[in-house]
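Visitor:
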Amino acid sequence: MLRVEGLTKKFGGLLAVNKVSFTAHKGEVLALIGPNGAGKTTVFNLISGALRPTAGQVYLEGKPIGGKKPYQVAKMGIARTFQTTTVFDQLKVLDNLLVAHKLRTSSGLVDTILRTRRWKKELEESRARAMEVLDFIGLKEKALAPVQVLTQEERKRLAIGVALATGPKVLLLDEPTAGLLQEETEGIFGLIKSLKQRGMTVCVIEHKMRMVMNLADRVVVLNYGHKIAEGTPEEVSRNELVIQAYLGGEHVA
Amino acid sequence: MGASGLILRKCMYLFLLLIAVLVPQVVTSRYILQILIICYIFAVATSSLNLLLGYTGQVSLAHAGFFAIGAYGVAIMTTRSGLNFWWALLLAAAVSALVGFLVGIPMLRTRGSYFAIASLCFGVIVGIVAGSWSSFTGGYLGILGVPLPPPLNLPGMGALGFQSKAAQYYLALALLLLTLFVMHRLVNSPLGLSFMAVRNNELLAGAVGINTFAVKLLSFTVASFFAGLAGGLYASFMRTVSPEVASIHLMFNWVVYLLLGGAGTLAGPVVGTLAITALTEVTQSFKDYSLLVFGALLVVAMIYCPRGLVGAWEAMQRRLGTPLKRFRQVGVRDAKG
Amino acid sequence: MDVFLQQVFNGIMLGSTYAVVAAGLTLVFGILHVPNFAHGHFYMIGAYVTFFLVTSWKLGFWPAVLLSCLVLALLGVVVERLAFRPMRGQPQVNAFISAIGVLMFLEALVTLVWGPEGHRIPNPYPATVNLWGLVTTQQRLLVIVTAALLIFLLNLFIKKTLLGATIEAVAQNREGAMLVGINVDRVSSITFALSAATAAIAASVVAPIFIITPTMGALVGMKAFIIVILGGLGNIPGAIWGGYILGLVEALGGGYISADYKDVFAFGLLILVLALRPAGLFGKESS
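Chains as they are written, first to last, in the numbering used here: chain A, 22 to 274; chain B, 443 to 779; chain C, 758 to 1044.
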């Protein structure tokens, strides 16, 4: 599904990501873990087109996507969320999803001004899709609420919803539970689980090891921009290099 | 929900429209009508600026330049080539949009203050060219004798001339309504949401598949079109153009109208233009101090009330929770009807 | 050849003014990240205050310049406090719009007090000098010398004094500066004072050569912005060199190509450069 090959990024003289390769198979949850500054978010930025790779290539269903702009990558079917929860906080909940689904529509300026049949049909489709997503993320009652009234956890759900509304084949989630309380984290866990049940391919950056153990089919471990291990959660947790990396770092799982 | 609110809201708009239509029947002062005509034209310019500044979040200071392109376009095409005013108006607005598109390509690569400066530079260049290219633009004297719109032959109503101030008033009002109609449809649509998404968070907008550059360019081009349209009508009604139409002071006035009225709201530019002009006119002695006061008010508005009068009104409605509160629920939801 | 030298000399004189004004702007825009679009209007007010002191208070030229410098320093502090400090932490363009409010206010104020017509500061040094065949006035030489001195002192201040080092520290890392106990508010005030005061001196020494009008600030302010963006935000040497280059380009372009379009060169150049490097010539490409 999503194949990353020899991905490398240099910032000046610093090698932030060094020849990282991995594959996320269709319908699996792949966790990207590693100590702070290991280059996990940089990998996401490289896949989603926010950064240009120095070397290496990313393939989605065999098609290369390296060097494309973020909006093109999104159109190809890779959606992402950001570490700091980002939704359009000046828009209403429903509008967040409608605007995210816009990339699957083709109405232009003239359609919009004249409200042509195509425009109406696409708006209906976008709404249906948005309601479906709202239902899925459990925010159906708040469709017309402004984002400001949402709780932190609801915003995280909405951020995932916004990514889903783009109609992705692969979902990249950057620390979806950062800053949440225990029971709120459970809620997001549940959401990712049901995504998996629906056959979505998910790559997730996560620090909470319990979540990684429960949820991930496979785990890729990064340290100082290198991939140091890959495998099932059990394999990775027994890996010497991984244990060392984490003992040297601040996280002890 | 919202059905009764919608009806109420439509009633209010109809009521306001009725007042606007009745004005020339009640007001006979040519002076007041002239002021209202200019107000409506400036409200068109301010509304189009609002699309960029209010909805797309791009502080463009090139707007007087596009207004000038429209004004000079109509003046030159009607006086030199003897083109029919209506065609000249449309062509001038199209030229304005085309120039907007072309200069937008390099300028919109910049962001924030840099874009503001670059766009201001463009506006000033238009003014300098208007003042210096004498053979084409008439230099600092400008172009005199721009014709009024020729009579329109309306089926069943005979020819509708524009000699009277009342007729000019209706034409300006029609242009304003057309502008507001287009803006309303744009803003209450997924396309309009994508403008607001760019304003809100460009990074996220890109991540959800919005070509942010294309969105900004579209917004810039549409805004230039309407600025050109406003400029063209202005030239015809003033019967003359001079480099004044490209002045940065005119531009800054529109910024004040927009921000005090309420950027990012459809009513804001109209409310701002009318309210501020009325305020300046009512107290004639105040005129001398007006820029002083508006400069200060602009700063105050930026600090305390970035969404202007309309924003303050909406905030009040929200707090009081009156039945009117549905007015503020603009959104794609309403687009159905 | 003589004409050429004359143009070069005029260019250096113009450039001296631009260099000082741009250096002042780069302090607030580049270092404090406040897009003070009203900076040109500080310059204008500086000229008017000197004019007022010389003609109404009958002060000598230099005492008037000095006092004008102090008045503008105060004005800089007040404007920063009222119009820009509340914009901190908001998108930069909000401060930009606020600056438009400030410049409208200042321009209207001057128009109200002194009228829209031009005024002239009596030229304190009208005598002509002959410099190797180049005929000029003492005042014009004074502009160049004063600017050079001012630039030298400004550099000395930034490099050698604790306060200067503090300003640089805030520029590099606001949070870090706060952590080590630097009072960012105080630094902002001082930077604005410095920036406005230098503009006042530049305006005061060049004003006797030209006519002063309430609108004189707008163009200078825009040009200062262009120089600062092209020279690199917060880069003082860049602003100074940029100032001299723009002065020369204008004088030569105005003299040999077209006087009407001399400003078009500068503004066109900016749009062109920004088209190729949207973050400015020395700006960092952010992702």
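Ideal Cβ positions, reconstructed from N, Cα and C, are used throughout, including at glycine.
Beta-carbon within less than 6 Å of Thr75 (chain A)'s beta-carbon, same chain only, minus the 5 sequence neighbours each way: which residues are those?
Guide: Thr29, Lys30, Lys31
Visitor: Is there a Cβ of chain B sitting closer than 8 Å to that of Ser855 (chain C), yes or no?
Guide: The beta carbon of Ser855 (chain C) falls within 8 Å of a beta carbon belonging to chain B, placing the residue at that interface.
Visitor: Which of the residues in the region 740–756 of chain B, read from start to end, lie with their CB under 9 Å from any CB of chain A?
Guide: Those residues of the region 740–756 of chain B that come within reach of chain A (Cβ to Cβ, closer than 9 Å) do not exist; the list is empty.
Visitor: What separation, rounded to the nearest whole angstrom, lies between the Cα atoms of Leu618 (chain B) and Gly797 (chain C)?
Guide: 36 Å
Visitor: Grouping DSSP H, G and I as helix and E and B as strand, with all else coil, what is Glu255 (chain A)?
Guide: helix
Visitor: Does Glu451 (chain B) come within less than 8 Å of chain C when only Cβ atoms are used?
Guide: The question names Glu, yet the displayed sequence has Arg at residue 451 (chain B). Chain C, which has no Cβ nearer than 8 Å to the Cβ of Arg451 (chain B), makes this no.
Visitor: Name the DSSP bridge partner or partners of Val54 (chain A)?
Guide: According to the sequence as given, residue 54 (chain A) is Ile; it is not Val. Ile54 (chain A) is bridged to A:Val242.
Visitor: With a threshold of 6 Å on Cβ separation, who are the neighbours of Gly1012 (chain C) within its own chain once the five nearest residues in sequence on each side are excluded?
Guide: Gln764
Visitor: If contacts are defined as beta-carbon pairs under 8 Å, then Leu586 (chain B) and Thr682 (chain B) qualify, I think. What distance do you get, rounded to the angstrom?
Guide: 5 Å
Visitor: Quick one: is Ile479 (chain B) near chain C, going by C-beta distance under 8 Å?
Guide: no
Visitor: Between the alpha carbons of Thr198 (chain A) and Thr206 (chain A), how many angstroms are there, rounded?
Guide: 6 Å
Visitor: Quick check: Val395 (chain B) and Val516 (chain B), are their CB atoms within less than 8 Å of each other?
Guide: Look at the range of chain B in this structure, 443 to 779, and you will see that residue 395 (chain B) is not part of it.
Visitor: From Gln203 (chain A) to Gly220 (chain A), what does the alpha carbon distance come to, in whole angstroms?
Guide: Each residue's alpha carbon lies about 26 Å from the other.
Visitor: Let me make sure I understand the geometry here. Which of B:Val571, B:Val463, B:Ala616, B:Ala738 has the alpha-carbon closest to that of Val582 (chain B)?
Guide: At residue 582 (chain B) the sequence reads Tyr, which differs from the Val that was named. Closest option to Tyr582 (chain B), Cα to Cα, is B:Val571.
Visitor: Looking at the C-beta of Val859 (chain C), does it have a partner C-beta in chain B at a distance below 8 Å?
Guide: Chain B contact via Cβ: present.
Visitor: On a CA-only basis, which of B:Phe509, B:Thr488, B:Leu660 is nearest Gly704 (chain B)? Give me that one, please.
Guide: B:Thr488
Visitor: If you reduce the DSSP assignment to three classes, tell me which class Asn767 (chain C) lands in.
Guide: helix
Visitor: Leaving out the 5 sequence neighbours to the left and right, which residues in its chain are closer than 7 Å to Leu771 (chain C) when beta-carbon positions are compared?
Guide: Gly1004, Glu1007, Ala1008
Visitor: Counting contacts by CB-CB distance shorter than 8 Å, is Gly101 (chain A) in contact with chain B?
Guide: Contrary to the premise, residue 101 (chain A) reads as Arg rather than Gly in this sequence. True, the Cβ-Cβ gap to chain B drops below 8 Å.
Visitor: Work out the CA separation of Ala981 (chain C) and Ile181 (chain A) for me, nearest whole Å.
Guide: 45 Å
Visitor: Using a Cβ-Cβ distance cut-off of 8 Å, determine whether Lys1041 (chain C) contacts chain B.
Guide: At Lys1041 (chain C), the pLDDT of 49 sits below 50, so the modelled position is not reliable and the matter cannot be decided from this model.
Visitor: Does any residue of chain B have a CB that is nearer than 8 Å to the CB of Pro754 (chain C)?
Guide: Outside the shown range of chain C, which is 758 to 1044, sits residue 754 (chain C), and nothing can be said about it.
Visitor: Any idea which residues DSSP pairs Gln78 (chain A) with across the strands?
Guide: A:Glu26
Visitor: Could you please tell me which residues of the region 677–702 of chain B, in chain order, have their CB closer than 8 Å to any CB of chain C?
Guide: Ile690, Phe694, Val697, Val698, Leu701
Visitor: Looking at chain F, is there any beta carbon in it that lies within less than 8 Å of the beta carbon of Leu660 (chain B)?
Guide: No chain F appears in this structure, whose protein chains are A, B and C.
Visitor: Kindly indicate if chain B contains any beta-carbon less than 8 Å away from that of Phe1024 (chain C).
Guide: yes
Visitor: Should Thr44 (chain A) be flagged as near chain B, meaning a C-beta pair shorter than 8 Å?
Guide: no
Visitor: When you compare only the Cα positions, how much space is there between Trp889 (chain C) and Leu762 (chain C)?
Guide: 11 Å
Visitor: Who are the Cβ neighbours of Met519 (chain B) in its own chain at under 7 Å, not counting the five residues just before and after it?
Guide: Leu525, Ala530, Leu533, Ala534
Visitor: Enumerate in chain order the residues of its own chain whose CB-to-CB distance from Leu1033 (chain C) is below 6 Å, with the five nearest sequence positions on each side excluded.
Guide: none
Visitor: At a CB-CB cut-off below 9 Å, which residues of chain B make contact with Val41 (chain A)?
Guide: In chain order: nothing, as chain B lies at least about 21 Å away.
Visitor: Per DSSP, which residues does Arg101 (chain A) bridge with? Please list them.
Guide: A:Leu193
Visitor: Let me know the secondary structure DSSP gives His46 (chain A) once reduced to three states.
Guide: coil
Visitor: Grab me the residues of Val168 (chain A)'s own chain with a C-beta within less than 6 Å of its C-beta, minus the 5 sequence neighbours each way, in chain order.
Guide: Val108, Asp110
Visitor: Between the alpha carbons of Cys224 (chain A) and Val50 (chain A), how many angstroms are there, rounded?
Guide: Here the alpha carbons of Val50 (chain A) and Cys224 (chain A) stand approximately 6 Å from one another.
Visitor: Along chain B, which residues have their Cβ under 7 Å away from the Cβ of Leu827 (chain C)?
Guide: At a C-beta separation below 7 Å, Leu827 (chain C) has no neighbours in chain B, since its nearest C-beta there lies roughly 24 Å away.
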